[in-house]
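In what follows, a structure is listed as structure tokens, so that the remarks can point back to it.
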Amino acid sequence: MWRNDVKKYFILNAFLAFVVLCNGCVKITPVKNLALPPVSIIEGNITRLDDGGFDLTDDSGSIYVRAELPENIKLKISVGEKVKVYGNLQGGKKKIFDGYVIKKSSGEQIIVSNPSPHFGFILQSSFK
């Protein structure tokens with residue numbers, strides 16, 4: 011039992027050290043330049059909102075951001091609001107950005123889902 015705890019502690023510390031070294035390496039990506047597979051930050055204005063997410067538009071184009079909270083909780087965002095979103099582009103015919111964390115211009119962060127750990131630590135530390 012304690013070996014698992016030590017292993018988790020070591021892995022967590024290794025990720026934290028990596029994050030400290032890479033802090034700030036994730037930059038805002040224009041919508042038209044999104045590519046698979048890396049985690050990206052996009053920034054723009056919300057132009058349409060529905061139960062499963064929203065359309066985000068920047069100077070280069072627009073994309074649907076999937077951002078559905080658990081238990082039917084509504085996102086506290088509105089059309090016209092400027093936001094930053096951490097997430098990644100989904101593969102497939104439709105251009106969909108899977109949002110993990112939304113940062114409002116007020117500084118409030120909405121955690122939509124938990125990405126896999128190697129992405130999550132980077133995202134949380136770099137989201138400025």
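Residue numbering for the sequence shown follows this note's numbering, starting at 11 and increasing by one per position. Beta carbons are placed, not taken as given, at the ideal position from N, Cα and C, and that holds for glycine. The structure presented is a predicted model; accordingly, all values stated were derived computationally and were not measured.
Let me confirm a value: residue i is counted as buried when at least 16 other C-beta atoms fall within 10 Å, else exposed. Which label applies?
i: A77; result: buried
i: V75; result: buried
i: G54; result: buried
i: G97; result: buried
Starting from the Cα of residue i, find the closest Cα among the options and give me that residue.
i: D68; options: P40, P47, V75 and G62; result: P40
i: G117; options: F107, G97, E91 and L99; result: E91
i: N82; options: G54, K105 and D60; result: D60
i: I87; options: S70, I38 and S115; result: S115
Would you tell me roughly how many angstroms separate the C-alpha atoms of residue i and residue j, rounded to the nearest one?
i: P48; j: K94; result: 16 Å
i: S123; j: K42; result: 24 Å
i: I56; j: K37; result: 20 Å
i: G71; j: K84; result: 25 Å
Please confirm whether residue i and residue j have their CB atoms less than 8 Å apart.
i: I51; j: L66; result: no
i: G63; j: G109; result: yes
i: L79; j: L44; result: no
i: I112; j: I106; result: no
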